[in-house]
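Peer 1: Under the numbering used here, the first residue of the sequence shown carries the number 433, and numbering increases by one thereafter. Glycine included, C-beta positions come from ideal geometry on N, C-alpha and C. Below is the structure I would like to discuss, written out as structure tokens.
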Amino acid sequence: MDLYSIKQQAFFLNLITRLQGEDQEEREYKAVVEAKQMATSALLSFTHPPPHLSTSTLLGTSPSPWGGGGTSTGRFPNSSSFAKSPLFSSSSSLKVSSIEIRRSLHFHMESSALLQDACATAVVMGGAYSLVSSFDLLTTHNFIDQKLSRKLVHVLSGLLFMASWPIFSTSLEARYFAALVPLVNCLRLLAYGLSLATDEAMVKSVSREGKPEELLRGPMYYVVMLMLCDVMFWRNSPIGVISLAMMCGGDGFADIMGRRYGKVKLPYNQDKSWAGSICMCFSGFAISIGMLYYYSALGYLQLDWGLVVAKVALVSLAATLVESLPITKVVDDNVSVPLTSMLMAFLLFGYRTL
Numbered sequence: 433m434d435l436y437s438i439k440q441q442a443f444f445l446n447l448i449t450r451l452q453g454e455d456q457e458e459r460e461y462k463a464v465v466e467a468k469q470m471a472t473s474a475l476l477s478f479t480h481p482p483p484h485l486s487t488s489t490l491l492g493t494s495p496s497p498w499g500g501g502g503t504s505t506g507r508f509p510n511s512s513s514f515a516k517s518p519l520f521s522s523s524s525s526l527k528v529s530s531i532e533i534r535r536s537l538h539f540h541m542e543s544s545a546l547l548q549d550a551c552a553t554a555v556v557m558g559g560a561y562s563l564v565s566s567f568d569l570l571t572t573h574n575f576i577d578q579k580l581s582r583k584l585v586h587v588l589s590g591l592l593f594m595a596s597w598p599i600f601s602t603s604l605e606a607r608y609f610a611a612l613v614p615l616v617n618c619l620r621l622l623a624y625g626l627s628l629a630t631d632e633a634m635v636k637s638v639s640r641e642g643k644p645e646e647l648l649r650g651p652m653y654y655v656v657m658l659m660l661c662d663v664m665f666w667r668n669s670p671i672g673v674i675s676l677a678m679m680c681g682g683d684g685f686a687d688i689m690g691r692r693y694g695k696v697k698l699p700y701n702q703d704k705s706w707a708g709s710i711c712m713c714f715s716g717f718a719i720s721i722g723m724l725y726y727y728s729a730l731g732y733l734q735l736d737w738g739l740v741v742a743k744v745a746l747v748s749l750a751a752t753l754v755e756s757l758p759i760t761k762v763v764d765d766n767v768s769v770p771l772t773s774m775l776m777a778f779l780l781f782g783y784r785t786l
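Right, here's the structure in full:
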């Protein structure tokens with residue numbers, strides 16, 4: 433092969449290499465432009481762009497950043513001109529925009545969660561007030577017995593409060609917003625119990641004998657336990673769910689059924705009956721399983737149902753046994769039942785959240 437042929441092949445090889453290099457660089461440039469435009473669109477969706485990012489610059493219709501007096505044509509500039517571009521002056525430009533987008537998204541997510549939790553708190557608080565007021569009205573007009581009214585409020589208020597947790601946001605502060613509901617009720621009980629305010633209908637609907645000072649015992653312990661389970665366990669742990677189910681549902685139905693059918697008393701406690709204890713065990717078990725399934729279906733809990741049924745049964749038996757003991761004058765049922773349930777559930781399930 434002569435020298436001319438060798439030079440000719442070298443020339444064409446060099447030309448092909450240069451063309452391929454330009455194509456590669458142009459593809460990289462277009463990819464950067466496309467990525468920048470996507471990031472800019474996302475940023476503009478949430479907040480106003482910074483002053484140095486004008487609309488014309490973002491859309492690529494501003495004067496060419498590499499000189500020439502014309503507008504950008506999409507043709508790849510040389511490296512020195514590329515470095516002078518206000519949008520692509522360095523890799524930090526993309527980093528700044530990315531940080532701005534993340535901050536904007538984080539701010540709007542926090543604002544949305546705050547609004548959701550505030551609205552949820554107002555709704556639940558309004559529902560709780562309406563529930564108690566309804567039973568106040570029924571009791572005042574003698575449509576329902578005072579003792580039955582008290583226990584129905586006991587059952588429904590706690591279970592409905594627990595069932596409302598999913599309407600709160602997924603933020604870390606959501607549980608504290610929810611805790612405001614029992615906290616407000618706690619303050620109401622404190623005001624009425626100390627006779628700082630009067631509401632005869634409300635006192636009758638939640639107390640045994642219609643005395644204001646009774647509100648500082650059982651009803652007060654009840655709302656404190658609601659707050660405790662809310663703040664400590666929330667909706668991500670079976671411990672709080674089971675404890676409230678046993679206190680609200682199990683103990684509540686035990687009193688209702690015990691008063692109606694509890695003629696046969698327990699041998700070691702004449703104030704409690706077999707009917708009430710059996711009802712507490714089964715109703716507490718059923719409500720616990722139902723609430724666990726509810727939160728499992730919503731994705732808050734991941735449970736092995738082959739073991740869950742047996743564990744909940746053990747918790748129900750333990751809580752029922754403690755509730756049947758003659759210790760009510762020393763420890764209120766609204767304290768002994770949930771604390772026993774917490775301890776047993778902790779031993780069987782462990783303290784874990786998702």
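Whole angstroms are fine: how far does the CA of P670 sit from the CA of M664?
Peer 2: Roughly 11 Å separates the two Cα atoms.
Peer 1: Verify whether the separation of the beta carbon atoms of T571 and S581 is less than 7 Å.
Peer 2: Cβ atoms of T571 and S581: closer than 7 Å.
Peer 1: Excluding the 5 residues preceding and the 5 following P651 in the sequence, name in chain order all residues of the same chain whose CB lies nearer than 6 Å to its CB.
Peer 2: Once the five neighbours on either side are set aside, the close Cβ partners of P651 are L621, V638.
Peer 1: I need the boundaries of the beta strand (DSSP E) containing N701, first residue and last residue.
Peer 2: Run containing N701: 701-705, per the beta strand (DSSP E) assignment.
Peer 1: Note down the Cα distance separating S768 from S544, rounded to an integer number of angstroms.
Peer 2: Taking the straight line joining both Cα atoms gives about 39 Å.
Peer 1: Does the separation of the CB atoms of L658 and P614 fall below 7 Å?
Peer 2: Cβ distance < 7 Å, so L658 and P614 count as in contact.
Peer 1: In the segment 561-615, which residue ranges form an unbroken alpha helix (DSSP H) of at least 4 residues, counting only runs that do not cross its ends?
Peer 2: Entirely contained in the segment 561-615, the alpha helix (DSSP H) runs reaching 4 residues are, in chain order, 578-595.
Peer 1: Are the beta-carbon atoms belonging to V741 and S720 less than 7 Å from one another?
Peer 2: No, Cβ-Cβ distance for V741 and S720 is not below 7 Å.
Peer 1: Does DSSP put L391 in a helix, a strand or coil?
Peer 2: No statement about residue 391 is possible, as the shown extent of the chain runs from 433 to 786 and does not include it.
Peer 1: Kindly give me the distance between the Cβ atoms of S715 and G682, rounded to whole angstroms, as I take these residues to be in contact under 8 Å.
Peer 2: Indeed they touch by this definition, with Cβ atoms about 5 Å apart.
Peer 1: Any contact between the segment 752-761 and the segment 633-648? By contact I mean 3 or more CB pairs, one from each, below 8 Å.
Peer 2: Taking 8 Å as the limit for Cβ pairs, the verdict is that the segment 633-648 does not touch the segment 752-761.
Peer 1: Output the boundary residues of the alpha helix (DSSP H) element that contains D687.
Peer 2: Start and end: 683-693.
Peer 1: What does the alpha-carbon distance come out to for the pair V564 and V635?
Peer 2: C-alpha separation (whole angstroms): 10 Å.
Peer 1: Check the C-beta distance from M678 over to S748 and give it rounded, since I have them as a contact under 8 Å.
Peer 2: Contact flag correct, Cβ pair sits at about 7 Å.
Peer 1: Quick one: measure Cβ to Cβ for C680 and G590, integer angstroms, because I've assumed they're closer than 8 Å.
Peer 2: The Cβ separation is near 3 Å, so the contact holds.
Peer 1: Compare the Cα-Cα distances from L604 to each of I576, V587, L676, W666 and report the closest residue.
Peer 2: Cα-wise, what sits closest to L604 is W666.
Peer 1: Are the CB atoms of A707 and G690 nearer to each other than 7 Å?
Peer 2: Yes; because the gap between Cβ atoms is below 7 Å, this pair is in contact.
Peer 1: Kindly list the residues whose CB is nearer than 6 Å to the CB of Q548, restricted to its own chain and excluding five residues on each side of it in sequence; keep chain order.
Peer 2: S601, listed in sequence order.
Peer 1: Below 7 Å between beta carbons: does that hold for Y654 and N766?
Peer 2: Yes, Cβ-Cβ distance for Y654 and N766 is below 7 Å.
Peer 1: Taking the C-alpha atoms as reference points, what is the distance between D703 and K697?
Peer 2: In a straight line, the C-alpha of D703 is about 7 Å away from that of K697.
Peer 1: For V587 and E542, what's the separation of their Cα atoms in angstroms?
Peer 2: One C-alpha to the other measures close to 34 Å.
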